[in-house]
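In the order they appear, the protein sequences are chains A and L.
Read left to right, the first sequence gives residues 373 to 659 (the numbering used here).
Read left to right, the second sequence gives residues 73 to 549 (the numbering used here).
Okay, structure first, notes after.
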Amino acid sequence: MTIPQIKCNRVVVVQILYIQENAMAKKSKRTIVGSPLTPTLLEELDALSNYPPSSEDFKPDGNWVNTYRIWTCHGYRESGNDNVGFLRIKRLINPQSSLTLKVHQEVLQTDALVNIVDATIECRNNQLASPIQWKISSRFRGSDGKYISELNSNDNGAAAEGLDRSTGDWCLFEAVQRLKTGKETVLAFDMLEGLSLLKKGQHLSYRGLYPTKIGGENILLHCFVQLGSGILPCEYWLDDYHRLLVVASMNKAYILDEQAEKITHRIAENEQKSYEKRRSSQRKQKR
Amino acid sequence: MNKNTTTEQSSCLVNRRDFIKLSGSAVALLANGTLTSDVFAARQSRRPKPKNILLIFTDQQHIDTIAAGGCRHLQTPALDRLKNNGVSFTQSYSANPVCSPARSCVFTGRTSSETAVYVNGRPIRSDIPNLGQWFSQQTNYETFYAGKWHLPRTYTSDIPGFKVINTGIGGFGYLCDTAMSRACEGFLRNRSKSKPFLLVASFMQPHDICEWLRLNMENPQEIRYPQLAGKFPELPDNFVFDENEPGAIRKRRLGNEPFKGKWNKEQWRYYRWSYYRNIEHLDAEIGRILQALEDGRYAKDTLIVLTSDHGEGLAHHQMVRKNTLYDEAAKVPLLFSWPGHILENRTDTTHLASGLDIMPTLCDFASIKSPKNTRGRSLRSILEGTSVSINNFIVTEVSSNTGRMLRTPSFKYITYKDDSVEQLFDMRTDPGETKNLAASSRYALVLSEHRKMLRDWESRLDVPPNVPNADVWRQKT
Chain A
373 MTIPQIKCNR
383 VVVVQILYIQ
393 ENAMAKKSKR
403 TIVGSPLTPT
413 LLEELDALSN
423 YPPSSEDFKP
433 DGNWVNTYRI
443 WTCHGYRESG
453 NDNVGFLRIK
463 RLINPQSSLT
473 LKVHQEVLQT
483 DALVNIVDAT
493 IECRNNQLAS
503 PIQWKISSRF
513 RGSDGKYISE
523 LNSNDNGAAA
533 EGLDRSTGDW
543 CLFEAVQRLK
553 TGKETVLAFD
563 MLEGLSLLKK
573 GQHLSYRGLY
583 PTKIGGENIL
593 LHCFVQLGSG
603 ILPCEYWLDD
613 YHRLLVVASM
623 NKAYILDEQA
633 EKITHRIAEN
643 EQKSYEKRRS
653 SQRKQKR
Chain L
73 MNKNTTTEQS
83 SCLVNRRDFI
93 KLSGSAVALL
103 ANGTLTSDVF
113 AARQSRRPKP
123 KNILLIFTDQ
133 QHIDTIAAGG
143 CRHLQTPALD
153 RLKNNGVSFT
163 QSYSANPVCS
173 PARSCVFTGR
183 TSSETAVYVN
193 GRPIRSDIPN
203 LGQWFSQQTN
213 YETFYAGKWH
223 LPRTYTSDIP
233 GFKVINTGIG
243 GFGYLCDTAM
253 SRACEGFLRN
263 RSKSKPFLLV
273 ASFMQPHDIC
283 EWLRLNMENP
293 QEIRYPQLAG
303 KFPELPDNFV
313 FDENEPGAIR
323 KRRLGNEPFK
333 GKWNKEQWRY
343 YRWSYYRNIE
353 HLDAEIGRIL
363 QALEDGRYAK
373 DTLIVLTSDH
383 GEGLAHHQMV
393 RKNTLYDEAA
403 KVPLLFSWPG
413 HILENRTDTT
423 HLASGLDIMP
433 TLCDFASIKS
443 PKNTRGRSLR
453 SILEGTSVSI
463 NNFIVTEVSS
473 NTGRMLRTPS
483 FKYITYKDDS
493 VEQLFDMRTD
503 PGETKNLAAS
513 SRYALVLSEH
523 RKMLRDWESR
533 LDVPPNVPNA
543 DVWRQKT
C-alpha cells in the first residue's frame, strides 16, 4: 500500500485523511472475541502454539524456574493483542522450613520505557507460600537505555507473627502448583499484590479439568480460579505434572514460555529503534 | 400559561450573570470570566498557595463509585480518604463524555469544539495552551505527567509543557496503572522537597471494562463462577429506557455488546460486579500514590484534585461505556483535598461543576490568571466555603460535535443535530432521567429558555472552522 508523498500542506491533509480512512476500515473489520481468555482461546488468537516440553522431573516443591510471557488482549481477534513483557519466578528450597522466590519482571511501555521489578521473598512452606519477609525494587529504564534513578523505589517488608492466611500474587504462582486438584480445594486469604497493595477477602478454588487443544495435541488441563476484592477473576491452568502453564485474568495472560525473555528484549529493541526514528523525524519536521 | 408553569420557570430560569459573590461583595469580571487585574492581584496576595498540586485523573469512572459516598458494592479506602479530607461534588459533569475531548477540556478550560478535539485521537488546537504549558510559563511549579494522555496519542513521552515521567502500555489499566503508580511513588520518594511541583497521575482504570465487555459479550446462559451467585449488585432503578429517545442514543445502545450478545439480567449484574472490581484496583493504585505523598511529607502542602474524563453506563438506561448525555456517562467524580485550607468532609450537592472548571480552579490556587477565553469558573470560593453560587448552568458536548446537554440546577436539556427528539428532565423529581418532559406543553417555556441559554452560550464560543457542525450549534433552535 503506497501512501501519497508529503510535498505540500494539501497533500499532508490528503495523507492524514487517507490514514484515518484506512484506520477506520481496519476498525470496522475487527471481530469481537466475545468470551473470556482460556488456553484454547489463546491458541486461536495466536498467543501460543505450544508449551515448553513437559518433564516428569518437574517437582512443584523442588527448585525450578518458570518464565512467563505477559500477553494482553484488547478484545478483538485481529488487532491490539501484544506481548508486553515477561515474569520470571525462581523457586529455591531453604535449609529451614521455608522457601525463597526470586522474582524478576519487565514490562514494556510506550516510547521504549521499561519498568523492571525485582523481588526476593522468603515464604512459609505452607499451602499459600505466605510471605515471611521480602525485598522489592522497582526501576525504570528510559528510551536511551539508561536507568532513571529519580523513579526508583525500594522496599523491605516482613509479615506479622502468625500471619499465615495471607499470600502474594507471585507467591500464588508457586503455591497453586502444590495444591490438590479436586473440588475440596478452597482457600481463603488476603493478598499482598506486588508486595505492596493489600487485597482482602480472596478465595482460590478448583474449577475442574478441561480438554484443551494445543499445537494439534489434545491435553487435559486443571483450572483453579481466584476471586476477591480488587481483582477480576484470575484462572490458573496447570498440566498433569502440576506445572502452571497459563494464568489468565480478563485482558491479560501469563503464558509459560522459555523464550519469553528473548521475545521481550527483541520487542524492546525494536521499540527503541522506532522511537528514535520517530524522534528524529519529529526533529526534522520542527526544523 | 398556568400557575404551575410559572412556578417551574421561577425555579429554573436563570441568566448567566456577569457577577459572582466573593466574601459577600460583588466583584466585576472581565468578559472571559476572569477578575480585573487590580482586584485579582489584591485578592491573590491574601490567599494561601499550595506548595504542590497533584491532579489524579481516572478514566471512565462513574460518579457513584466511592464507598464513603454511599456506594455499597465496593471498598475504596483511598478514595474514601480523599473524600473525607476535602470537598466532593455530586453535580459534577464531564465537558464531553468521551476520552480525548474530555481531556482537552480539563487541560485547557475550553470546550471540545473550541480545542478541535471533538473525537478521540485529535491534538489540541496549537494556539490554546494546556495546563502544563500555562503553569510552566506563569508559575514556578515544575510540571510532570504520568500515564494516559490521549491528545492525540494514548501514551507518549512527548507532552507539551510537561516532563513525562511515565507513559503506559497499550490500553491496559491493570498492567499500566501499576507501573504508572510505581513511577509516581519513586518520583515522590526521590524528589527534593524544596521545588514545588504540579504532577498529573493519569490512570487508565476503570477503562478496562471496555475490554471486559468484548471478552464477555457472548451470554454464557449460566454464570462462569457459580460461587459468585447472589453477590452481584442489583440492577439500577433506571435500567429500563424510553423508546422515544434521540436516534443517536438508540443507535449507540444497539451497537453495544449487551444487545449484540443478548444479555440476560444476570449477565448485566455480572458486568456491574466486574466494573466495581476495576474501581477497587484503581483505588489500590491511588492508595500507593497517596501513601508515597504522606511518606514524603508532602500531604499537608499538596492540593489534590481527582476527576475522571467521563463516567460509565453501568446498566443505567441499559447503556455501557460513555458517549451519551445521561448522568451515568456525563457525570464524573470531582474531589478536592487540601487539609487545613479548604473545607473538609464536605459533600457539595448543590453546585454545578464542569471539567471546564478545573483549569481556572488550579490557576486560582496557583495565584495566576487563567488563559484567555477559559470557559470554566474557579471553584475555589466554593471549596473555601465563601461562595453560594458559581455556575448557573453548564454545557456538555458529545458525539463528534453532534450533541449538546445544558444542565441548570433543576433541569437537564439534551438535543442532537438533525434530530427532532429533544429531551428535558426535571432532575429534582426524576434524577434517573426516565420521564422526558420536552413534549409536554406545561414545560414549553422551560424548554425554550434552555434552548436560548444554549444558543447564547454557543454564540460566545470560538470554534475553528475545521470542526464539523460548528455553524449548526450557532443557528440551532
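Glycine included, each C-beta is placed from N, C-alpha and C at the ideal position.
Residues of chain L with a CB under 7 Å from the CB of residue i: which are they?
i, result
"A:Asn-487", "Ala-251, Arg-254"
"A:Ser-525", "Arg-254, Glu-257, Gly-258, Arg-261"
For a contact meaning CB atoms closer than 8 Å, what does residue i contact in chain A?
i, result
"L:Arg-286", "Ile-404, Val-405, Gly-406, His-446, Gly-447, Tyr-448"
"L:Phe-234", "Result: empty, since nearest Cβ-Cβ is about 14 Å, beyond 8 Å."
"L:Glu-416", "The premise fails here: L:Glu-416 is roughly 26 Å from chain A at the closest Cβ pair, so nothing lies under 8 Å."
"L:Arg-349", "Ser-601, Gly-602, Ile-603, Leu-604"
Could you list which residues in chain L have their beta carbon closer than 8 Å to that of residue i, in chain order?
i, result
"A:Gln-481", "Tyr-227, Asn-238, Thr-239, Gly-240, Ile-241, Cys-248, Ala-251"
Report, in whole angstroms, the separation of the C-beta atoms of residue i and residue j, which I expect to be a contact under 8 Å.
i, j, result
"L:Ala-251", "L:Asn-238", "7 Å"
"A:Val-456", "L:Ile-241", "5 Å"
"L:Thr-379", "L:Ile-430", "6 Å"
"A:Glu-494", "A:Gln-477", "With 8 Å as the limit, A:Glu-494 and A:Gln-477 do not qualify as a contact, their Cβ atoms being about 18 Å apart."
"L:Arg-182", "L:Arg-476", "Contact doesn't hold; Cβ gap of about 16 Å is too wide."
"L:His-145", "L:Pro-305", "4 Å"
"A:Pro-503", "A:Gly-540", "5 Å"
"L:Thr-501", "L:Gln-163", "16 Å between Cβ atoms; not a contact."
"A:Met-622", "A:Leu-604", "4 Å"
"L:Arg-175", "L:Pro-224", "Not confirmed; about 10 Å, so no contact."
"A:Val-371", "A:Ala-640", "Outside the modelled stretch of chain A, which goes from 373 to 659, sits residue 371 of chain A, for which no answer is possible."
"L:Ile-466", "L:Tyr-165", "6 Å"
What is the DSSP secondary structure of residue i, counted as helix, strand or coil?
i, result
"L:Glu-521", "helix"
"L:His-145", "coil"
"L:Ile-466", "strand"
"A:Glu-546", "helix"
"L:Ala-100", "Because L:Ala-100 sits at a pLDDT of 36, beneath the cut-off of 50, its placement in the model cannot be relied upon, and the following sentence gives the value as read from the coordinates. The answer is strand: DSSP assigns L:Ala-100 an E or B state."
"L:Ala-140", "helix"
"A:Asn-466", "coil"
"A:Thr-636", "helix"
"A:Ile-520", "coil"
"A:Asn-435", "coil"
"L:Lys-489", "coil"
"A:Asp-454", "strand"
"L:Met-477", "strand"
"L:Ser-482", "coil"
"A:Arg-496", "strand"
"L:Asn-157", "helix"
"A:Val-489", "strand"
"A:Trp-443", "strand"
"A:Ile-504", "strand"
"A:Gly-580", "strand"
"A:Trp-609", "strand"
"A:Lys-571", "strand"
"A:Val-597", "strand"
"L:Lys-334", "coil"
"L:Arg-546", "helix"
Along chain A, in chain order, which residues have C-beta atoms closer than 9 Å to that of residue i?
i, result
"L:Gln-147", "Lys-572, Gly-573, Ser-601, Gly-602"
"L:Asp-280", "Leu-604, Met-622, Asn-623"
"L:Glu-352", "Lys-571, Ser-601, Gly-602, Ile-603"
Residue i CB to nearest chain B CB: under 8 Å?
i, result
"L:His-389", "Of the chains in the structure shown, none is chain B; the protein chains are A and L."
Please compile the residues from chain A whose C-beta is within a distance smaller than 7 Å of the C-beta of residue i.
i, result
"L:Phe-244", "Thr-444, Asn-623, Lys-624"
"L:Arg-194", "In chain order: nothing, as chain A lies at least about 10 Å away."
I want to know whether the segment 268 to 280 of chain L touches the segment 214 to 229 of chain L - three or more CB-CB distances under 8 Å. yes
Going along the chain, which residues of the segment 284 to 312 of chain L sit with their C-beta nearer than 8 Å to a C-beta in chain A? Trp-284, Leu-285, Arg-286, Leu-287, Asn-288, Met-289, Glu-290, Pro-292, Arg-296, Tyr-297, Gln-299, Leu-300
Does the count of Cβ pairs from the segment 119 to 139 of chain L and the segment 399 to 410 of chain L closer than 8 Å reach three? yes
Given a limit of 9 Å on CB to CB distance, which residues of the segment 325 to 336 of chain L reach chain A? Glu-329, Lys-332, Gly-333
Is the segment 284 to 302 of chain L close to the segment 340 to 356 of chain L, with three or more CB pairs under 8 Å? yes
Please confirm if the segment 430 to 446 of chain A is in contact with the segment 454 to 471 of chain A, defined as three or more CB-CB distances below 8 Å between the two stretches. yes
Please identify, using Cβ separations under 9 Å, the residues of the segment 439 to 465 of chain L that lie next to chain A, in order along the chain. Taking 9 Å as the upper bound on Cβ-Cβ separation, chain A lies near no residue of the segment 439 to 465 of chain L.
Would you say the segment 311 to 326 of chain L touches the segment 491 to 499 of chain L, given that touching needs at least three Cβ pairs under 8 Å? yes
Going along the chain, which residues of the segment 627 to 653 of chain A sit with their C-beta nearer than 7 Å to a C-beta in chain L? If the cut-off is 7 Å between Cβ atoms, the segment 627 to 653 of chain A has nothing near chain L.
Chain A contacts from the segment 393 to 404 of chain L (Cβ-Cβ distance under 8 Å): none
Please confirm if the segment 156 to 174 of chain L is in contact with the segment 384 to 399 of chain L, defined as three or more CB-CB distances below 8 Å between the two stretches. yes
Contact residues within the segment 336 to 347 of chain L, judged by C-beta distance below 8 Å to chain A: Of all residues in the segment 336 to 347 of chain L, Ser-346 have a Cβ within less than 8 Å of some Cβ in chain A.
Does the count of Cβ pairs from the segment 463 to 475 of chain A and the segment 625 to 636 of chain A closer than 8 Å reach three? no
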